[in-house]
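Heads up: the structure comes next, in structure tokens.
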Amino acid sequence: MSNLRQELKAQIIEQLNLEDLEITDINDNDELFGDEIGLDSIDALELIVLLEKDYGIKITDPKEGKEVFYSVETMATYIEKHS
Amino acid sequence: MIKTCYINGISSLSPQSTVEEENFDFQQIQTFEKPVLQVAFKGYKKLIKPAAMRRMSKSVKMGVFTAASALIDANIKEPTSILTGTGMGCKQDSDIFLENLLLQHEELLSPSKFVQSTHNTVGGQVALYLKSKAYNFTYVQGSASFESALLDAQLTILTEEKKHQILVGGIDEISENTIGLLQLDQQIKSETSLENLKLLDYKSKGSIIGEGAHFFVISEEKSQNSYAQLIDLHLENSLATEEVLLKTKAFLAENKLAIADIDLVILGNNGDVDFDAYFQPLQQEFIEIPLVYYKHLVGESYTASAFGMQLGVKILKSQHLPEAYRLNNVQPQKTIKKVLLYNQFRGKNHSWILLEYV
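In structure tokens:
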């Protein structure tokens with residue numbers, strides 16, 4: 001597992017108060033907003049803030065956000081491409 | 001037909017709750033040696049799913065839990081109104097949001113902390129929990145917040161020609177920031193050694209502070225679980241100490257009662273030497289009946305009177321006068337039928353609540 005993916009999982013758990021989850025509970029390709037992790041619309045806002053605050057990447061197109069935040073893998077790929 | 005308000009369900013979280021059990025127990029008294037009395041309860045998972053709880057601050061957890069628990073107690077699934085009173089709202093998340101606002105120069109703020117920092121968050125979260133679209137209103141009126149919500153409940157029942165199951169409660173939480181401000185303002189006692197059970201002995205400025213959530217289900221229909229009737233309540237914003245007795249007599253007279261008709265008085269004494277004088281006229285006037293107080297056990301807060309009301313309805317239902325709550329040694333000579341509560345906060349927001357045995 002790359003450091004970035006590991007780091008993202010830790011940030012998601014901390015920022016979204018997912019107290020019952022450990023880093024090892026989240027797989028790189030798990031669907032963040034599906035049944036596996038179960039995030040909701042407020043979490044999406046938190047992830048947008050997280051991306052801008054910690055990686056300096058601003059997401060303005062909601063359609064783009066849906067693809068970027070699909071999984072930890074898609075988030076990491078997007079960060080690698082844009083930073 | 002004159003309608004009556006029955007209290008059919010209750011639930012309380014206070015510094016008297018234990019880690020496992022929410023509602024206070026007359027026998028098991030929690031004692032404190034500090035001026036800040038916090039709720040130790042951890043059993044929220046009994047009623048709130050962990051996924052729903054992850055964004056909830058303490059006041060939201062306390063509020064949602066006691067609201068749900070009061071409905072279960074009343075055997076009601078859908079309230080017709082959700083009325084909440086809070087003096088300070090979701091203070092912990094407000095503090096975090098404002099601190100982040102300063103630290104991050106008003107940019108890139110957590111939306112969760114903003115959403116959770118408003119005063120009506122508890123009422124909103126209760127509605128989300130119950131999937132309720134019922135009338136939902138939050139009263140933020142300082143130390144008259146709970147009474148204002150209760151007044152709305154009473155007026156709704158008395159004026160609307162339909163059946164009601166009204167969920168009404170008072171919620172306030174302590175934050176580190178609040179403690180600092182209240183210490184600066186001498187609203188918290190500064191004694192280095194302090195025992196809460198001796199609160200009235202110190203004769204010094206300030207009090208001990210507390211937090212909690214207390215919900216009631218109120219209806220015009222009596223149920224098998226009815227605790228008491230809410231007969232009336234009255235609020236006065238500002239009074240001199242010598243006016244308290246006159247206002248009390250006037251309130252009783254409006255309800256066709258006199259001093260001699262009251263069987264028990266619950267007072268909001270908090271040990272502040274500057275303001276406990278407001279309770280003296282009633283302590284003297286009602287010298288021959290049992291007097292009860294509660295802030296030595298739960299601390300002062302803007303919605304502490306909601307705990308006082310829970311105490312009143314529990315005493316009416318159980319007919320038991322818990323020793324730790326007694327302000328005098330007078331034993332009840334007959335069934336406790338009419339209970340009068342009087343409270344004030346630093347000389348303001350005087351409230352009277354009249355309860356009756358069912």
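Chains A and Z supply the protein sequences, listed in that same order. Positions 1 to 83 (the UniProt record's numbering) are the ones given, in order, by the first sequence. Positions 1 to 358 (the UniProt record's numbering) are the ones given, in order, by the second sequence. Even for Gly, the Cβ is constructed at its ideal location relative to N, Cα and C. Quick caveat, the model's predicted, so the values are computed rather than measured.
Here DSSP, grouped into helix, strand and coil, assigns residue 179(Z) to helix. Burial check for residue 287(Z): the Cβ neighbour count within 10 Å stays below 16, so the residue is exposed.
If the five residues before and after residue 47(A) are omitted, its C-beta is found closer than 6 Å to the C-beta atoms of 69, all from its own chain and listed in chain order. DSSP places residue 3(A) in no beta strand (DSSP E) but in the uninterrupted alpha helix (DSSP H) bounded by 3-15. Excluding sequence positions up to five before and after residue 237(Z), its CB lies within less than 7 Å of the CB of 348 and 349, all in the same chain and listed in chain order.
Looking at the DSSP output, residue 81(Z) shares a beta bridge with 135(Z) and 166(Z).
Between residue 59(A) and residue 83(A), the gap from beta carbon to beta carbon reaches 8 Å or more. Contact between residue 35(Z) and residue 188(Z) holds, since their C-beta atoms are separated by about 5 Å, short of 8 Å. Using a Cβ distance threshold of 8 Å, residue 66(Z) and residue 145(Z) do not count as a contacting pair.
Taken in chain order, the complete beta strand (DSSP E) segments of 3 or more residues contained in the region 188-260 of chain Z are 212-219 and 228-238. At a cut-off of 8 Å between C-beta atoms, residue 72(A) does not count as an interface residue with respect to chain Z. At a Cβ-Cβ threshold of 8 Å, residue 309(Z) and residue 354(Z) do not count as neighbours.
Ranked by Cα distance from residue 70(Z), the first of 121(Z), 166(Z) and 197(Z) is 166(Z).
Under the three-state reduction of DSSP output, residue 283(Z) falls in the helix class.
In this structure residue 339(Z) is not in contact with residue 259(Z), their Cβ atoms being roughly 14 Å apart against a cut-off of 8 Å. A Cβ-Cβ contact shorter than 8 Å links residue 270(Z) with residue 207(Z).
Annotation for residue 317(Z): 227 place their beta carbon closer than 6 Å to its own, counting only its chain and skipping 5 residues before and after.
In this structure, the beta-carbon distance from residue 31(Z) to residue 255(Z) does not fall below 8 Å. If you draw a 10 Å sphere on the C-beta of residue 159(Z), you find fewer than 16 other C-beta atoms in it, and that means exposed.
Excluding five sequence positions before and after residue 299(Z), the CB atoms of its chain that fall closer than 7 Å to its own CB belong to 15, 37, 208, 209 and 210, given in chain order. According to DSSP, residue pairing for residue 161(Z) in a beta bridge does not occur.
The DSSP-derived three-state label of residue 93(Z) is helix. In the DSSP secondary-structure assignment, residue 326(Z) is bridged to 292(Z). By the beta-carbon neighbour count (other beta carbons within 10 angstroms, threshold 16), residue 10(A) is exposed.
Partner residues in the beta bridge of residue 339(Z), as assigned by DSSP, are 264(Z) and 355(Z). In this structure, 13(A) is the residue among 61(A), 13(A) and 53(A) with its C-alpha nearest to the C-alpha of residue 38(A). The Cβ neighbour count for residue 304(Z), taken over all protein chains shown within 10 Å, is at least 16; the residue is labelled buried.
Around residue 40(Z), the same chain offers 19 as residues with beta carbons nearer than 6 Å, after the five sequence neighbours per side are excluded. For residue 57(Z), the closest Cβ of chain A is not nearer than 8 Å. By the beta-carbon neighbour count (other beta carbons within 10 angstroms, threshold 16), residue 41(A) is exposed.
Taking a beta-carbon distance threshold of 8 Å, residue 110(Z) counts as an interface residue toward chain A. Chain-ordered, the chain A residues with CB closer than 8 Å to the CB of residue 51(Z) read 38. The continuous alpha helix (DSSP H) containing residue 72(Z) extends over residues 58-74.
The shortest C-alpha to C-alpha distance from residue 43(Z) to any of 33(Z), 320(Z), 17(Z) and 280(Z) is the one to 17(Z). At a beta-carbon threshold of 9 Å, none of the residues of chain Z lie near residue 25(A); the nearest stands roughly 13 Å away. At the C-beta level, residue 43(A) and residue 16(A) come within 8 Å of one another.
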